[in-house]
Amino acid sequence: MISPAGDGSPRPGALPGPGDALPRPGDALPDRLEAAISAWLEEDPDPATQLALTHLRDRARDGDPSAHAELTDAFAGPLAFGTAGLRGALGPGPARMNRVVVGRAAAGLARYLIDGGHAGGRVIVGFDARYNSERFARDTAEILAAAGLRVLLCDRHQPTPVVAFGIRYYGCVAGVIVTASHNPPQDNGYKVYLGDGSQIVPPADADIAARIARAAEGPLSAIPRDGDYEFLGDDLVEAYVDRAVSLVADTPQRDVVWVHTALHGVGSDVVARAAAAAGFPAPCQVASQADPDPAFPTVGFPNPEEPGAIDLAVAKAIEVGADVALANDPDADRCAVACPVDGAWRMLSGDELGWLLATASLDAGVRGSYACSVVSSTLLGDLAAAHGQPFVQTLTGFKWIARVPGLAFGYEEAIGYCLDPDAVADKDGITAALTVLALVARLKSEGRTLADLLDRLARDHGVCRTEPLSYRVADLSLITDAMRRLRAAPPAVLAGETVAVDDLAAGTPGLPATDALVFTGARVRAVVRPSGTEPKLKCYLQVRLPPASDLVPARAAASALLARLRTDLAACLGLRQAG
Numbered sequence: 009m010i011s012p013a014g015d016g017s018p019r020p021g022a023l024p025g026p027g028d029a030l031p032r033p034g035d036a037l038p039d040r041l042e043a044a045i046s047a048w049l050e051e052d053p054d055p056a057t058q059l060a061l062t063h064l065r066d067r068a069r070d071g072d073p074s075a076h077a078e079l080t081d082a083f084a085g086p087l088a089f090g091t092a093g094l095r096g097a098l099g100p101g102p103a104r105m106n107r108v109v110v111g112r113a114a115a116g117l118a119r120y121l122i123d124g125g126h127a128g129g130r131v132i133v134g135f136d137a138r139y140n141s142e143r144f145a146r147d148t149a150e151i152l153a154a155a156g157l158r159v160l161l162c163d164r165h166q167p168t169p170v171v172a173f174g175i176r177y178y179g180c181v182a183g184v185i186v187t188a189s190h191n192p193p194q195d196n197g198y199k200v201y202l203g204d205g206s207q208i209v210p211p212a213d214a215d216i217a218a219r220i221a222r223a224a225e226g227p228l229s230a231i232p233r234d235g236d237y238e239f240l241g242d243d244l245v246e247a248y249v250d251r252a253v254s255l256v257a258d259t260p261q262r263d264v265v266w267v268h269t270a271l272h273g274v275g276s277d278v279v280a281r282a283a284a285a286a287g288f289p290a291p292c293q294v295a296s297q298a299d300p301d302p303a304f305p306t307v308g309f310p311n312p313e314e315p316g317a318i319d320l321a322v323a324k325a326i327e328v329g330a331d332v333a334l335a336n337d338p339d340a341d342r343c344a345v346a347c348p349v350d351g352a353w354r355m356l357s358g359d360e361l362g363w364l365l366a367t368a369s370l371d372a373g374v375r376g377s378y379a380c381s382v383v384s385s386t387l388l389g390d391l392a393a394a395h396g397q398p399f400v401q402t403l404t405g406f407k408w409i410a411r412v413p414g415l416a417f418g419y420e421e422a423i424g425y426c427l428d429p430d431a432v433a434d435k436d437g438i439t440a441a442l443t444v445l446a447l448v449a450r451l452k453s454e455g456r457t458l459a460d461l462l463d464r465l466a467r468d469h470g471v472c473r474t475e476p477l478s479y480r481v482a483d484l485s486l487i488t489d490a491m492r493r494l495r496a497a498p499p500a501v502l503a504g505e506t507v508a509v510d511d512l513a514a515g516t517p518g519l520p521a522t523d524a525l526v527f528t529g530a531r532v533r534a535v536v537r538p539s540g541t542e543p544k545l546k547c548y549l550q551v552r553l554p555p556a557s558d559l560v561p562a563r564a565a566a567s568a569l570l571a572r573l574r575t576d577l578a579a580c581l582g583l584r585q586a587g
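Position in the sequence shown (first residue = 1) + 8 = this note's numbering.
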């Protein structure tokens with residue numbers, strides 16, 4: 009919608025109105041879109057996005073259909089601010105990540121904090137090494153400082169868990185981290201934490217969004233700025249490393265050969281530094297991926313979960329005879345592990361690593377609630393019960409997991425792990441990596457491996473196999489239609505087993521409402537939900553069989569049942585573009 013300015017001109021971000029025809033190839037741009045583009049160009053302080061928008065407009069005026077489509081999408085409304093903050097493609101327009109959008113977000117956050125009685129409070133601002141991350145962080149620091157907040161700006165790019173640690177360590181009322189985590193290189197994002205160290209959840213997200221909308225009613229140039237903020241240097245990293253090392257201080261074994269890759273992100277230095285401080289040997293780095301590079305040149309998607317992403321790390325591990333290979337995503341809040349299993353190297357699933365890390369905590373006597381998201385394996389509940397500890401299931405995301413009362417350990421299948429919730433109330437790929445190193449070293453001293461520990465868990469608690477099934481789409485309506493079809497005609501049988509369906513859209517006694525369906529049978533389970541950060545429909549499949557002394561046939565049976573579950577659910581969804 010167009011917000012009238014004092015002179016009657018449209019505010020930047022104005023859209024074609026309901027009466028306007030959508031542009032078609034060869035058509036002139038609608039007047040309102042032309043006006044919105046002109047207003048945006050006048051306000052945008054970034055010459056790069058100004059130039060990009062000018063070129064797009066010129067191409068669209070010449071009848072380029074792709075430019076038409078890009079402009080329509082870029083001005084199709086503001087980039088939504090939600091529980092993950094902001095995340096989207098870089099570029100001009102209100103639906104993209106740029107200095108105008110970030111400036112308004114900072115102004116809205118500042119107003120929210122001031123209205124909440126936090127004037128003069130500390131706010132830590134950090135950033136990763138993606139395109140424009142440092143610029144967005146400096147804009148944020150200037151706007152928050154001008155609002156009367158005491159800003160602590162990291163003097164260099166830092167991993168997300170290091171900045172999240174700083175929220176509590178420095179007694180901040182909020183934190184901002186400019187990162188798009190494991191998204192593609194053309195994306196960036198803006199994560200907001202409150203003073204408890206956790207990511208925002210409702211109603212804070214809506215309250216901040218409302219103030220961002222009010223900031224957008226006036227010109228960006230009217231938002232005050234001030235360069236009076238402090239820089240955080242090595243003291244922050246030193247404090248974080250000291251805390252991380254304390255998690256493995258009682259582990260005498262340190263003999264482990266390991267490979268590490270940061271996937272072109274910001275994790276290499278802090279991971280190596282923490283490992284050295286804990287007494288572990290230096291890692292064998294994947295040299296081509298060790299330094300930050302926002303282009304992520306050696307991977308299609310900078311996410312360790314994506315096929316092929318950790319191939320270089322596995323190849324390096326085989327070359328040097330490593331015990332384990334560790335990978336972090338670009339902002340180092342996630343951790344993936346590869347190791348030999350049944351004679352061949354493979355990456356452990358997020359659930360498998362979750363079981364191993366939980367077992368390490370349980371065996372060490374760490375007491376408290378053990379939690380995982382509803383899309384993760386149900387085995388964690390059995391592991392916690394066997395040690396007399398409570399188990400809690402939450403909605404997807406660490407904004408929910410980190411808020412579990414008395415949390416001792418939390419994980420989600422998307423390779424996110426929280427081992428020190430009192431210090432970092434979020435997933436932390438660095439402390440996860442240290443814990444893995446300590447576990448591998450202890451097992452090695454006993455003549456065992458991670459694979460041996462997984463075998464022990466299978467014998468004690470049964471064979472559990474999990475697998476993701478996802479569909480990446482260009483048209484989000486395909487996801488909406490698939491969820492509608494599934495709700496209208498849910499399957500009664502999957503993989504030959506009768507299943508009950510729970511629709512979480514209305515919420516349950518233990519879970520708030522969310523757009524997800526859960527299918528549960530005696531041995532099978534499937535959760536289907538739209539992704540919150542990517543154009544994907546995501547399915548989470550699980551098969552559980554009783555404990556067995558001979559694991560080979562039991563695992564073969566579980567794999568066969570999982571394949572049937574995948575085939576049946578795919579047929580129910582009716583989508584063809586799997587990713």
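Note that the Cβ used here is the ideal one computed from N, Cα and C, for glycine as well.
- By the C-beta density criterion, Ala317 is buried, having at least 16 other C-beta atoms within 10 angstroms.
- In this structure, the straight-line span from the alpha carbon of Gln297 to that of Lys324 is close to 12 Å.
- A residue is called buried when at least 16 other Cβ atoms come within 10 angstroms of its Cβ; Phe239 does not meet this threshold and is exposed.
- In this structure, Glu51 is the residue among Ala154, Ser377, Cys162, Glu51 with its C-alpha nearest to the C-alpha of Val108.
- Runs of the beta strand (DSSP E) lying entirely within the segment 304-368, each at least 3 residues long, are 332-336, 343-349, 352-355 in chain order.
- One Cα belongs to Tyr139, the other to Ala284, and the distance between them is close to 30 Å.
- DSSP places Glu150 inside the alpha helix (DSSP H), whose first and last residues are 141-154.
- For Ile220, the enclosing alpha helix (DSSP H) stretches over residues 212-223.
- Arg143 places its beta carbon 8 Å or farther from that of Ala223.
- Assignment of Arg552 by DSSP, reduced to helix, strand and coil, places it in the strand class.
- The Cβ atoms of His469 and Leu391 lie closer than 8 Å to each other.
- DSSP places Cys580 in the helix class (H, G or I) of the three-state scheme.
- Residue range 471-480 is occupied by the beta strand (DSSP E) that includes Thr474, with no alpha helix (DSSP H) assigned at that position.
- For Leu61, the closest C-alpha among the options Asp70, Ala75, Gly71 is that of Ala75.
- The beta-carbon distance between Asn336 and Gly275, rounded to whole angstroms, is 4 Å. This is short enough to meet the 8 Å contact definition.
- Every beta strand (DSSP E) stretch that sits fully inside the segment 240-310 and reaches 3 residues is listed by chain position as 266-269.
- In the structure shown, the three-state DSSP call for Gly389 is helix.
- For Ile132, the uninterrupted beta strand (DSSP E) segment begins and ends at 130-135.
- Taking 8 Å as the cut-off, the beta carbon of Arg563 is found closer than this to the beta carbon of Val471.
- The beta-carbon separation of Gln550 and Ser377, rounded to 21 Å, does not stay under the 8 Å limit for a contact.
- Beta-bridge partners of Phe399 (DSSP): Tyr378.
- The straight-line gap separating the alpha-carbon atoms of Cys292 and Ala571 is approximately 36 Å.
- Here Arg138 carries a coil assignment [DSSP, helix/strand/coil].
- The segment 177-187 and the segment 355-372 do not touch, with fewer than three beta-carbon pairs separated by less than 8 Å.
- Around the beta carbon of Ile438, 16 or more other beta carbons lie within 10 angstroms, which makes this residue buried.
- Contact annotation: Gln194 and Ala449 have beta-carbon atoms that are not nearer than 8 Å.
- The three-state reading of DSSP puts Val110 in helix, counting H, G and I together.
- Its chain contains Ser478, Tyr479, Arg480, Val481, Ile487, Pro538, Gly587 as the residues whose beta carbon lies nearer than 8 Å to that of Lys544, once the 5 sequence neighbours on both sides are disregarded; these appear in chain order.
- In the three-state scheme derived from DSSP, where H, G and I count as helix and E and B as strand, Glu238 is classed as strand.
- In this structure the segment 149-163 does not lie against the segment 67-82, because fewer than three pairs of beta carbons, one per stretch, are closer than 8 Å.
- Comparing alpha carbon positions, the residue from Asn311, Ala524, Glu421 closest to Leu365 is Glu421.
- Here Ala410 carries a coil assignment [DSSP, helix/strand/coil].
- Here the alpha carbons of Gly455 and Gly540 stand approximately 42 Å from one another.
- Put simply, the backbone Cα of Lys199 is about 14 Å away from that of Ala118.
- DSSP, reduced to helix, strand and coil, places Thr506 within a strand of the structure shown.
- DSSP links Pro538 through a beta bridge to Leu545.
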